[in-house]
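>
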Amino acid sequence: MNTQDAVNLNGATVDRDHALHLLRSMIRIRRLEEKCAELYSATKIRGFLHLYDGEEAVAVGILEALTRDDAVVATYREHGHALIRGVSAGAILAEMYGKQEGCSRGRGGSMHLFDNKTRFYGGNAIVGGGLPIAVGLALADKMQHKQRVTCCFFGEGAVAEGEFHESLNLAALWQLPVLFVCENNLYAMGTALKFEQAVQDITRKAASYDVSSAAVDGMDVLAVETAAKKAAQTVRTQGKPFFLECRTYRFRAHSMYDPELYRPKSEVEEWKKSCPIATFARKMKTEGCIGNVDIETIERDVAREINEAVAFAEACTWEPIEDMTRFVHSERRTP
Amino acid sequence: MSSDETNLQKITYREAVREGIREALQKDERVFLMGEDVGRYGGCFAVTKGLLEAFGPERIRDTPLSESGFVGAGIGAALGGMRPIVEIMTVNFSLLAADQIINNAAVYLYMSGGQFNVPIVIRMATGGGRQLAAQHSRSLEGWYAHIPGIKVISPATIEDARGMLWTALQDPDPVLIFENSSLYNMEGTLAADAGPVDIDKARVRRPGKDITLITYSASLHKSLAAAEILAKQGVEAEVIDLRSLRPLDEKTFLDSVVKTHRAIIVDEGWRSGGISAEISARIMEGVFYDLDAPVERLCSVESPVPYARHLEEAMLPQVDQIVNLIQKMVGAHG
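Chains as they are written, first to last, in numbering that gives the first Met the number 0: chain L, 0 to 334; chain X, 0 to 333.
#1: If you count every other CB in all the chains shown that lies within 10 Å of the CB of Gly-287(L), and 16 or more means buried, which is it?
#2: Taking 8 angstroms as the threshold, find out whether the region 301–312 of chain X comes into contact with the region 133–143 of chain X through three or more Cβ pairs.
#3: Roughly how far, in whole angstroms, is the beta-carbon of Met-25(L) from the beta-carbon of Val-59(L), given that I think they are within contact range, below 8 angstroms?
#4: Going by C-alpha to C-alpha distance, which of Thr-66(L), Thr-74(L), Glu-37(L) and Thr-117(L) sits closest to Leu-92(L)?
#5: Which class does Gly-126(X) belong to by DSSP, given the choice of helix, strand or coil?
#6: Check the Cβ-Cβ distances between Cys-315(L) and every residue of chain X, and say whether any is below 8 angstroms.
#7: Got a sec: is the Cβ-Cβ distance from Leu-164(X) to anything in chain L below 8 angstroms?
#8: Below 8 angstroms between beta carbons: does that hold for Met-110(X) and Phe-113(L)?
#9: Would you identify the three-state DSSP class for Lys-9(X), choosing helix, strand or coil?
#10: Within 8 angstroms (strictly less), CB to CB, does Phe-54(X) reach chain L?
#11: Could you pull the start and end residues of the alpha helix (DSSP H) that Ala-236(X) belongs to?
#12: What separation, rounded to the nearest whole angstrom, lies between the Cα atoms of Tyr-107(X) and Phe-115(X)?
#13: For Tyr-96(L), decide whether its Cβ has a neighbour in chain X, counting only Cβ atoms nearer than 8 angstroms.
#14: Is Glu-269(L) buried or exposed, if buried means 16 or more other CB atoms sit within 10 Å of its CB?
#15: For Pro-176(L) and Gly-154(L), I'd like the C-alpha separation in whole angstroms.
#16: Using a Cβ-Cβ cut-off of 6 angstroms (strictly less than) and excluding sequence neighbours within five positions of Phe-54(X), which residues of its own chain qualify?
#17: Rounded to whole angstroms, how far is the Cβ of Leu-358(X) from the Cβ of Arg-60(X), which I believe are closer than 8 angstroms?
#18: Skipping 5 residues on each side, what residues in its chain have a beta carbon closer than 8 angstroms to that of Asp-27(X)?
#19: Does any CB atom of chain X fall closer than 8 angstroms to the CB of Gly-128(L)?
#20: To the nearest angstrom, how far is the alpha carbon of Gly-49(X) from that of Gly-41(X)?
#21: Can you tell me whether DSSP reads Phe-44(X) as helix, strand or coil?
#22: Note down, in chain order, every chain X residue with its Cβ under 8 angstroms from the Cβ of Ser-103(L).
#23: In whole angstroms, give me the CA-to-CA distance for Ile-264(X) and Gly-162(X).
#24: I'd like the ranges of any alpha helix (DSSP H) spanning at least 4 consecutive residues and lying wholly in the region 73–139 of chain L.
#25: Heavy atom of the ligand ATP less than 7 angstroms from the Cβ of Gln-114(X), yes or no?
#26: Consider the Cβ of Glu-321(L): report whether some Cβ of chain X lies at a distance smaller than 8 angstroms.
#27: At 4 residues or longer, what runs of the alpha helix (DSSP H) sit wholly inside the region 7–95 of chain X?
#28: Do Gly-141(X) and Gly-268(X) have their beta-carbon atoms positioned less than 8 angstroms apart in this structure?
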C-alpha cells in the first residue's frame with residue numbers, strides 16, 4: 000500500500016512522520032497501562048492504580064505543545080503524562096514495583112511519579128493539590144524572567160475544590176504563565192459531573208476569573224494538539240494563564256478497586272467507539288497517510304519497549320531498609 | 000552575636016523579626032515575602048511595615064485571603080528556584096493550608112526519592128493571651144511538630160527573632176517559624192551586627208541544679224520569672240528553651256534532667272497528645288532512673304480558648320502556677 004507524506008484534515012496539514020509519532024505515543028501509553036493492569040492482577044504492583052485508557056489523546060496532544068524547559072504538574076492518573084514527558088517505561092514500572100531504580104526511588108509508587116530531568120513535578124494524589132504548586136512554579140519563572148510554561152493537569156473533580164478557585168484567581172491576578180488542563184472524563188471518582196457541579200460548563204468557571212479558556216474534543220489527538228499549541232503560545236508570549244478543558248472519557252474504572260457500579264456498561268461501550276487510538280488510526284488509514292504495516296511496526300516496537308521495561312523492573316533492586324528515612328530531610332543543609 | 004556591649008541597641012521582638020526579613024531580602028535576590036496584608040497594610044501585627052516601600056510589590060506580595068492557594072504557590076516557587084517567606088496571619092488560618100503544608104511541603108522530597116527540595120519558610124503567629132477567643136488563639140505548633148519532613152522552630156528571644164530566619168532560609172527543607180503574638184511588643188537589646196543563629200539546638204537560658212523547666216516561646220519568660228521567685232526561696236531551677244520542636248534537641252534536656260533529677264514542662268498547647276507528652280515520654284525512655292519525682296506538665300486547660308479575660312488567664316499556664324507546682328515537686332520528694 001502506498002502512503003502519502005502528508006494529509007489535510009479539517010484545514011490542518013498532518014505530516015506522515017508526525018501522525019505516526021502521535022499514534023505511537025498513544026499506543027505506548029495504552030500498552031503500558033495494559034501491562035500495569037496485568038502486573039497488578041499478578042500482585043507485582045500494589046497500592047492504588049488509576050489507569051488512563053481512553054484519555055491518551057489528552058496527554059499526547061498537550062505535551063506536544065511543551066518544550067523541554069517547561070514544567071508539568073500531574074495527578075494520580077499520571078503514568079501516561081510521565082511516559083510522554085520522557086520518563087522511561089522501565090523507570091515507571093520499577094517505581095510501581097517499589098524498586099530503588101524507580102523514578103521516585105520506590106517511595107512514590109503509581110500515584111507519585113517524579114522526574115527532575117524532565118521537570119515532571121508529580122504525581123499528586125490529593126485532588127486539586129497540584130494546582131497551587133503549578134501557580135508557584137509559574138511565579139518563580141516570572142520572577143526569574145524565564146519565559147517558560149507550567150502545565151497543570153487535573154480532573155473535573157478538582158474543579159469543586161477550593162484550590163482550583165484560589166489557583167485560578169492567583170494566576171489571573173498575578174498574570175502567571177500556567178496552562179491549566181482539565182481532563183474532564185465526566186466522573187469524579189464515581190460521581191457524575193451532574194451530581195457534583197452546579198454549573199457543568201467548566202470553562203465558565205475559568206471565564207469568571209478572567210482566564211481565557213477553550214474546550215476541545217479530548218478524544219481527538221489532533222484537536223487537542225492544535226488547541227494546546229495555541230493555548231501554550233498564548234501563555235508563553237503573553238505571560239498569562241490559559242484554561243483548556245479536554246472532554247474525554249476513561250474506559251476503565253476509577254481504580255483497580257472500583258467495581259464501577261455508578262455507570263452503565265452500555266455507556267462505556269458507546270464511548271469506546273470514540274477510542275482516540277482507533278479513530279486516529281482509522282482516519283489516517285482512510286486518508287492514505289499510514290498503512291497496516293505502519294501500525295504493525297509500532298505495535299511490535301512498543302511491545303518490545305514494554306517487555307524490556309518489565310524485565311528492567313524485575314531486575315531492579317530493593318532499597319535497603321536502613322535507608323528508609325533517607326530523604327525525609329535533605330542530606331546537606333545549603334540548598 | 001557580638002559581646003561588645005557598646006554595640007547593643009534597644010529593639011522590640013517585632014522589629015527584630017522585621018530586621019531578619021530585611022536582611023534576607025537584601026542578601027539574596029531569590030528571597031521574597033508573601034502573605035495577607037504584608038505589603039500595603041504593613042502586616043497585621045505590623046511586623047512587615049515599611050518593607051513594601053523598601054523592596055516593592057514584586058518582593059513584598061500582598062495575597063488574597065486564600066491560605067491554601069498562596070502557601071501552595073510558595074511551595075511551587077520554592078520548587079522553581081526561589082526562596083519564599085510565606086506569612087500566615089496566625090496558626091489558626093494555617094489549618095486552611097494544612098493540606099499544602101502536610102501533604103505537599105513535608106513529603107515532596109521524600110515522595111520524589113530525593114529529587115525535589117522545598118526550601119520554603121512559613122512564618123505565623125501563634126498563642127493566646129490577647130482575648131481573641133477560640134479561633135484566633137490556638138497554639139498548634141506541637142501538631143506540626145508531629146509531621147516528619149518539616150522543621151518547626153519558635154523564637155522566644157530577641158536574638159532568635161532576629162537570627163532564626165536566615166538560617167531557616169538556608170535550609171533546603173520546609174521550615175515553619177511560630178512567633179507568639181504576645182512577644183511582639185517585648186523589648187530587649189541586640190547587637191547592631193547580630194546575625195543568624197542556629198535552629199537546631201535547645202538553650203539553657205538559666206542554669207540551676209534543683210529542677211529542670213522545659214519550655215519554649217512565650218512560656219519561656221513565665222518560666223524565667225518563676226525561676227527568679229524560686230531562687231529567692233532557695234530553689235535553683237534550670238530553664239531550657241527548646242527553640243526547635245522538630246527536630247527536638249533531646250540531649251540538652253536529658254542532660255539537664257540527669258543533673259537536676261526533676262522535670263516540668265510548661266507549654267501553652269494542650270496536654271493530650273501535645274508536645275509536652277512527647278517530651279515527658281522521652282524523659283521516661285531516656286533517663287527514668289535519674290528521676291526523683293514524676294515528670295509534671297503545666298499546659299493550657301483543655302477547652303477552646305475563652306474570650307473573657309479572667310477565664311483566658313486561668314486557662315493559660317501562669318507564673319504562680321509554675322512556682323506552686325515546683326514547690327510541690329521539690330518539697331514532696333526533697
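Note that beta-carbon positions come from the ideal geometry of N, C-alpha and C, so glycine has one too.
Put simply:
#1: exposed
#2: Contact holds: three or more Cβ-Cβ distances are below 8 angstroms.
#3: 5 angstroms
#4: Glu-37(L)
#5: Taken through DSSP and simplified to helix, strand or coil, Gly-126(X) comes out as coil.
#6: no
#7: no
#8: yes
#9: strand
#10: Output row for Phe-54(X): interface = no.
#11: Note, Ala-236(X): premise wrong, no alpha helix (DSSP H); beta strand (DSSP E) at 236–240.
#12: 6 angstroms
#13: Tyr-96(L) is outside the set of residues whose beta carbon lies under 8 angstroms from a beta carbon in chain X.
#14: exposed
#15: 20 angstroms
#16: Leu-24
#17: With chain X represented from 0 up to 333, any question about residue 358(X) goes unanswered, as that position is not in the structure.
#18: Arg-82 and Leu-168
#19: Closer than 8 angstroms: yes.
#20: So the alpha carbons of these two residues sit roughly 7 angstroms apart.
#21: coil
#22: Met-110, Ser-111, Gly-112 and Gln-114
#23: 25 angstroms
#24: 78–84 and 88–96
#25: The ligand ATP is absent from the structure shown, which contains no ligand whatsoever.
#26: At a cut-off of 8 angstroms, the C-beta of Glu-321(L) has no neighbouring C-beta in chain X.
#27: 12–26, 50–54, 66–78 and 90–93, all fully within the region 7–95 of chain X.
#28: Going by C-beta atoms, Gly-268(X) is nearer than 8 angstroms to Gly-141(X).
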